[in-house]
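Asker: Dumping the structure here so I can ask a few things about it.
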């Protein structure tokens with residue numbers, strides 16, 4: 327039966343006669359790519375008594391190197407430029423070693439589990455592209471896909487069936503995270519490969535460069551998706567950090583301290599902004615110990631107005647602010663003097679209103 331076609335489809339049919347194999351070869355490779363010695367003109371004969379001319383070496387073809395493959399000529403030579411891994415996601419870089427290509431991924435959020443982040447984003451990437459998963463092992467860090475199929479019409483016939491080329495592949499992702507949890511990596515492998523033309527499986531012997539091209543192409547798509555998700559996560563983190571943090575004054579025995587209703591990292595970052603606003607100069611800090619070393623001088627206008635009606639004032643000098651995670655959503659803040667002794671309850675209560683107000687204030691997202 328005659329098919330209904332448009333002029334556009336006819337143009338596409340004419341331009342789509344080349345196969346994927348043809349696209350990796352030079353034009354007229356069959357005509358000019360034979361394994362024969364190139365014809366050379368005879369050497370110029372110089373009569374005796376005359377000097378030999380100076381021959382230019384500009385177009386001299388160098389000899390093959392020791393590592394060159396002499397079989398890569400004619401139809402066997404792939405003229406396509408090599409693909410490169412593009413670490414487009416924030417916190418990523420490439421490690422190209424002898425055992426393959428790995429994309430190193432650094433953690434961008436200390437509160438997030440890096441391995442869980444990578445696994446979740448990879449699964450979301452496969453799901454978005456409707457790539458099925460045949461194997462998932464979180465402990466081993468392995469994800470294998472089902473067959474991923476791509477079809478291309480090589481020739482469109484007006485009277486019969488089209489010539490269809492199908493590419494079927496399966497990939498494997500290997501995810502590893504170091505013991506400290508701050509960096510990990512993704513490695514990819516092409517597990518299976520089939521090429522089918524007119525429902526007939528083609529005999530294809532992939533070279534190492536062929537496998538690398540397919541793998542790099544898929545890996546770049548995955549890293550691009552990770553980059554998109556990381557941008558969204560960073561934006562959400564900025565919005566979350568800009569929100570006010572509720573702070574309550576607590577007392578236990580001789581100690582008076584604040585409890586902030588937020589995670590340790592969020593409270594720690596907020597204090598870096600709030601402390602200078604309250605007149606404390608940050609001299610040193612150690613997040614692993616949850617310690618701020620600060621200097622206080624009472625000549626600022628803020629503190630002068632704060633202590634104007636009080637019978638006492640906060641003495642100038644060095645202080646230590648200790649930040650400690652009580653649980654996943656609460657953080658303890660303690661103010662000590664330079665000898666690491668807690669301040670009196672009266673002074674802490676006097677500071678409470680100002681500290682609470684600054685911590686609860688919402689900040690603009692930049």
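Residue numbers (the working numbering): 327 to 692.
Glycine included, every Cβ here is placed at the ideal spot set by N, Cα and C.
1) Could you tell me the alpha carbon to alpha carbon distance between residue 685 and residue 586, rounded to whole angstroms?
2) Express the C-alpha separation of residue 381 and residue 369 in angstroms, rounding to a whole number.
3) Would DSSP call residue 553 helix, strand or coil?
4) Can you tell me whether DSSP reads residue 400 as helix, strand or coil?
5) Over the uninterrupted alpha helix (DSSP H) stretch that includes residue 683, give me the two end residues.
6) I need the boundaries of the alpha helix (DSSP H) containing residue 444, first residue and last residue.
7) Leaving out five residues before and five after residue 464 in sequence, what residues of the same chain have Cβ atoms less than 7 angstroms from its Cβ?
8) Note down the Cα distance separating residue 571 from residue 593, rounded to an integer number of angstroms.
9) DSSP beta-bridge partners for residue 580?
10) With a threshold of 16 other CB atoms inside 10 Å of the CB of residue 638, please say whether the residue is buried or exposed.
11) Would you check if the distance between the CB atom of residue 669 and the CB atom of residue 546 is smaller than 8 angstroms?
12) Return the chain-ordered list of same chain residues with a C-beta closer than 8 angstroms to the C-beta of residue 397, the five sequence neighbours on each side being excluded.
13) Under a Cβ-count criterion, where at least 16 other Cβ atoms within 10 Å of its own Cβ denotes burial, should residue 405 be classed as buried or exposed?
14) What does residue 497 pair with, by DSSP beta-bridge criteria?
15) Using CA atoms only, rank isn't needed, just tell me which of 513, 504 and 519 is closest to residue 494.
16) Using three-state DSSP, classify residue 643 as helix, strand or coil.
17) With a 10 Å radius around its C-beta and 16 neighbouring C-beta atoms as the bar for buried, classify residue 351 as buried or exposed.
18) Could you tell me which of 388, 499 and 650 sits nearest to residue 588, measuring between CA atoms?
19) Buried or exposed for residue 471, please, with buried defined as at least 16 other CB atoms from any protein chain shown within 10 angstroms of its CB.
20) Does the Cβ of residue 645 have 16 or more other Cβ atoms within 10 Å, making it buried, or fewer, making it exposed?
21) Measuring alpha carbon to alpha carbon, tell me which residue in 511, 469, 659 and 525 is nearest residue 573.
22) Measure the C-alpha to C-alpha separation of residue 627 and residue 591 and round it to an integer number of angstroms.
23) May I have the straight-line CA-CA distance separating residue 498 from residue 403, to the nearest angstrom?
24) Is residue 566 helix, strand or coil by DSSP?
25) Would you kindly work out how many angstroms separate the C-alpha atoms of residue 581 and residue 506, rounded to a whole number?
26) Quick check: the region 511-526 against the region 374-391, are there 3 or more CB pairs under 8 angstroms?
27) What's the call for residue 683, buried or exposed, on a 16-neighbour Cβ count within 10 Å?
28) Note down the Cα distance separating residue 633 from residue 620, rounded to an integer number of angstroms.
Answerer: So, from the data block:
1) Cα to Cα, residue 685 sits roughly 9 angstroms from residue 586.
2) It is roughly 11 angstroms from the alpha-carbon of residue 369 to the alpha-carbon of residue 381.
3) helix
4) In the structure shown, residue 400 sits in a helix (DSSP, three-state: H, G or I).
5) 671-686
6) 440-454
7) Excluding positions up to five away in sequence, the list reads 445.
8) 8 angstroms
9) Partner(s): none; residue 580 has no beta bridge.
10) With a pLDDT of only 41 at residue 638, under the threshold of 50, the placement of this residue in the model should not be trusted; the figure read from the coordinates follows. With fewer than 16 other Cβ atoms within 10 Å, it is exposed.
11) No, the pair does not count as a contact, with Cβ atoms beyond the cut-off.
12) none
13) exposed
14) 516
15) 519
16) strand
17) buried
18) 650
19) buried
20) buried
21) 659
22) The predicted position of residue 627 is uncertain, since its pLDDT is 48 and thus under 50; a value taken from the coordinates is nonetheless stated next. The alpha-carbon atoms of residue 627 and residue 591 are separated by roughly 30 angstroms.
23) Roughly 28 angstroms between the two C-alpha positions.
24) DSSP places residue 566 in helix when its eight states are reduced to three.
25) Going from the Cα of residue 581 to the Cα of residue 506 covers about 34 angstroms.
26) no
27) exposed
28) With a pLDDT of 45 at residue 633, under the threshold of 50, the modelled position of that residue is not reliable, and the figure given next carries that caveat. If you take the alpha carbons of residue 633 and residue 620, they lie about 19 angstroms apart.
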